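*Asks:* Below is a structure I'd like to ask you about.
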Amino acid sequence: MATSADRFVHRPNAIDRLGQTLVYAGELFRHPVYTRFLHWMVGIFFFLALLSGFGIYLPWIFRFFTPLFGGGAMTRFLHPWFGLGFVFFFALQAMNWWQVMTWTPADSRWMKHIRRYVIRSDSTESPETGFFNGGQKLMFWEIVCGSIAYLITGVIMWFPTTFGRILVSLSYVIHDISALIMLFGIFFHVYLSTFGEPGTIQAMTRGTVSESWAWTHHPAWYKAVTGRDPQEALKEAEERMASGGRFSGAPPPTL
Amino acid sequence: MGDRGTLRIQQISAHPGPIAGEGTQRQDKVCKLIDVTTCIGCKACEVACVEWNDMPFQTTHFDNTYQTMPDTDWNYWNLIKFNEDEHDNGSFAWLMRKHQCMHCADPGCLRACPADGAIVQYSNGIVDFQQQNCIGCQFCVSGCPFNIPKYNSETKKVYKCTLCSDRVGAGLEPACIKSCPTGCLHFGTKDDMKFLAENRAKQLRDVSGFKNAGVYDPDTIGGTSVIYVLHDITKPEKYGNLPASPRIPLAFTIWKSVFKPLGLIGAMLGFVGVVMHYVFEGPLRTQPTPPVKVIDPPPPPPGREN
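Protein sequences, first through last, are from chains S and E.
Heads up: the first sequence begins at 142 in this note's numbering, then just goes up one per residue.
Heads up: the second sequence begins at 111 in this note's numbering, then just goes up one per residue.
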């Protein structure tokens, strides 16, 4: 079966050694400490850059957002550094995930059937969905392209007299478009990892997911790491539940 | 804004809502007329500018021309551009142009500015920077068709010629006008200066043999409060990159006023979308979902059936 990516191979580094990941019974290890650290650094800098950029983006909201960062001049001073922080940590994350994010035919099929995903036609994802699904990969590559656009246009806008008037004014538009696409995307990212698909966010906090989460949302990855067939595992869990046994696979209630 | 008492405001950068005092007092548009045909390049206006505005003199750079320095600076707002113009017959002429802020009727700097109140346009047409509101983004630098606003990296503010708004507000002429020894500089209402300029251009055409003499008051930016009489209005570029049709980049006009707000609304639809998805479709839970215990609504109180 052509899975999009079977497993995420990560070589531990110094950041990984700073923390541990507890995998409780019924859980699977998903994201190492380094990945989680990068994710939240990217997230922090994303929102700092987003909110400080908001104030400068539109005159109508200038007075709402610039006080958050100590006034207009301080907002303007900080925004490029927030942006650099975002690009820096995302660049590390991109290197970390480059391989597992490779686009496969399975992802193209996922995108073709995105309607079924949106309207929740199936109770589990298609059996060929691996470590990441097509939507997650699309978001990843959008941020890769967007970050490159941010970095180039941002530096041009930072030093306007070096690059000339026309290039700078073009950069404003590209910078804006990149920001609007990422703002649009962040709602889906946050929604799907919390309310939309319960049990997901703990993958980025504690680093683990429940087995039932794995066979529901990423069946091919479940198969790769456990060696078991996700459909059979699901059927067994249903039978256990029907026979009044302990409900297996329920997501632990904590983050 | 020491001149607040007499100068009324007509436009404020990045300012949502009404402008206090706008239109309460009629004020004539003021104008500086520069007749480049009578400029001798003496630089008295440069001296007067730095003297009045308490700015230091600049170090000059010698580059084998009469140009003392390449451009204006954050603390040097007025510079004579020395342009050597060679003619086809081998003769040669100086085209000397006093270079400073043009005080456009539709100012690109003000359009580009994202900071509320950092740039104002007075009812008399003067465009003035209010450094206390400036955030140092330098958007105005890209918005300006004349490359006028200059950034000070120490104070992180942008500065330019004020058309001596402090003097004009007190009923005086700008400092540069006072100093001109040849009468090449004039100051008055826009109507008067336009009349004077057109007459001078006509004189140059009819009497002095400059067939293309004309007045530089570009209407691509709604006209300017600084106008030139040029020997050759068809080639303003010869006078040190004076653009024939100065324009504000679309990024600061249609993009900023139309597509930016629309784009933001469009992006926020993502938020509406996910909320509605939760309401209409609900979450995708891990499978199998636990059995559901349905809690029926309590029966109605006796006597209230139906």
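Where a beta carbon is used, it is the ideal one built from N, C-alpha and C, also for glycine.
Everything numeric in this text was worked out from a predicted model, so none of it was measured.
1) Buried or exposed: where does histidine 171 (chain E) fall if 16 or more other Cβ atoms within 10 Å of its Cβ makes it buried?
2) Look at the Cβ atom of glycine 160 (chain S), then the Cβ atom of valine 174 (chain S), and state whether they are nearer than 8 Å.
3) Check whether the Cβ atoms of valine 384 (chain E) and glycine 337 (chain S) sit closer than 8 Å, and answer yes or no.
4) In chain order, which beta strand (DSSP E) runs of at least 3 residues are fully inside the stretch 310-393 of chain E?
5) Do the CB positions of aspartate 317 (chain S) and glycine 218 (chain E) come within less than 8 Å of each other?
6) Can you determine whether any heavy atom of the ligand SAH sits closer than 7 Å to the C-beta of valine 309 (chain S), and answer yes or no?
7) Buried or exposed: which applies to threonine 396 (chain E), given that a residue is buried once 16 or more other Cβ atoms fall within 10 Å of its Cβ?
8) Quick check on valine 404 (chain E): buried or exposed, where buried means 16 or more other Cβ atoms within 10 Å of its Cβ?
9) In the DSSP output, what is glycine 298 (chain E) paired with across the bridge?
10) Does DSSP put arginine 114 (chain E) in a helix, in a strand, or in coil?
11) Please list the partners that methionine 382 (chain S) has in chain E, where partner means a Cβ-to-Cβ separation under 8 Å.
12) When the cut-off is 8 Å and only beta carbons count, does glycine 131 (chain E) lie next to chain S?
13) Given a cut-off of 8 Å on the beta-carbon distance, is the pair arginine 347 (chain S) and leucine 163 (chain S) in contact?
14) By Cβ distance below 8 Å, which residues in the same chain neighbour phenylalanine 230 (chain S) in space, the five residues on each side in sequence not counted?
15) What whole-angstrom Cβ distance do cysteine 211 (chain E) and valine 237 (chain E) have, given they're in contact under 8 Å?
16) Can a CB atom of chain S be found closer than 8 Å to the CB of glycine 373 (chain E)?
17) What does a CB cutoff of less than 6 Å around glutamine 135 (chain E) pick up in its chain, not counting 5 residues either side in sequence?
18) How close, in whole Å, do the beta carbons of tryptophan 244 (chain S) and lysine 278 (chain S) come, if the pair is a contact with beta carbons under 8 Å?
19) Measuring CA to CA, which of S:Arg256, S:Gly275, S:Asp157 is closest to methionine 242 (chain S)?
20) Can you check DSSP and say which residues form a bridge with threonine 349 (chain S)?
21) Out of E:Leu379, E:Ser123, E:Leu314, E:Thr399, point me to the one whose CA is closest to cysteine 250 (chain E)'s CA.
22) Please tell me whether lysine 191 (chain E) and glycine 350 (chain E) are closer than 8 Å, where the distance is taken between their beta carbons.
23) Under 8 Å Cβ to Cβ from alanine 383 (chain S), same chain only, skipping five residues before and after it: list those, please.
24) Compare the C-beta of glutamine 168 (chain E) with all C-beta atoms of chain S and state if any pair is closer than 8 Å.
25) Out of E:Gln248, E:Leu295, E:Gly235, which one is the CA nearest neighbour of glycine 279 (chain E)?
26) Determine the contact status of arginine 221 (chain E) and isoleucine 358 (chain E), defining contact as a CB-CB distance below 8 Å.
27) Starting from serine 353 (chain S), find everything on chain E with Cβ-Cβ shorter than 8 Å and list it in chain order.
28) Name the residue from S:Asp263, S:Ser319, S:Thr207, S:Gln234 whose alpha carbon lies nearest to the alpha carbon of glutamate 283 (chain S).
29) Please compile the residues from chain E whose C-beta is within a distance smaller than 7 Å of the C-beta of phenylalanine 210 (chain S).
30) Between the Cα of leucine 308 (chain S) and the Cα atoms of E:Ser252, E:Asn257, E:Cys271, E:Asp276, which residue gives the shortest distance?
31) What's the C-alpha gap between proline 371 (chain E) and tyrosine 363 (chain S)?
32) Listed in chain order, which residues of the stretch 243-257 of chain S have Cβ atoms closer than 9 Å to some Cβ of chain E?
33) CB-CB under 8 Å to lysine 348 (chain E), same chain, minus the five flanking residues each way: which ones, in chain order?
34) So cysteine 274 (chain E) packs on tryptophan 162 (chain E), CB below 8 Å; how close in whole Å?
35) With alanine 290 (chain S) as the anchor, note down where its beta strand (DSSP E) starts and where it stops.
36) Taking only the alpha-carbon atoms, compute the straight-line gap between isoleucine 327 (chain S) and leucine 311 (chain S) and give it to the nearest angstrom.
*Replies:* Result, derived from the coordinates:
1) exposed
2) For glycine 160 (chain S) and valine 174 (chain S), yes; Cβs fall inside 8 Å.
3) yes
4) 324-326, 336-340
5) no
6) You won't find the ligand SAH in this model; it holds no ligand whatsoever.
7) buried
8) Exposed, because fewer than 16 other Cβ atoms sit within 10 Å of the Cβ of valine 404 (chain E).
9) E:Cys141
10) Confidence is the limiting factor: at arginine 114 (chain E) the pLDDT is only 48, short of 50, which leaves the residue's position unreliable, though a coordinate-based value still follows. In the three-state scheme derived from DSSP, where H, G and I count as helix and E and B as strand, arginine 114 (chain E) is classed as coil.
11) Pro398, Pro400, Pro401
12) Chain S contact via Cβ: absent.
13) yes
14) Cβ within range, chain order: Leu179, Met182, Val183, Phe186.
15) Cysteine 211 (chain E) to valine 237 (chain E), Cβ: 7 Å. Contact.
16) yes
17) Arg118
18) 6 Å
19) Methionine 242 (chain S) has its Cα closest to that of S:Gly275, out of S:Arg256, S:Gly275, S:Asp157.
20) S:Phe170
21) E:Ser123
22) yes
23) Counting only Cβ-Cβ distances below 8 Å, and skipping sequence neighbours, we find nothing.
24) no
25) Among E:Gln248, E:Leu295, E:Gly235, the Cα nearest to that of glycine 279 (chain E) belongs to E:Gly235.
26) yes
27) Thr396, Gln397, Pro398
28) S:Ser319
29) None at all; the shortest Cβ gap to chain E is about 11 Å.
30) E:Ser252
31) 44 Å
32) Taking 9 Å as the Cβ-Cβ cut-off against chain E, none of the residues of the stretch 243-257 of chain S qualify.
33) For lysine 348 (chain E), the CB contacts under 8 Å within the same chain, skipping 5 residues up- and downstream, are Asn193, Asp195, Leu205, Asp342 in chain order.
34) 7 Å
35) Taken as a continuous stretch (DSSP letters only), alanine 290 (chain S) belongs to no beta strand (DSSP E), being part of the alpha helix (DSSP H) at 275-299.
36) 25 Å
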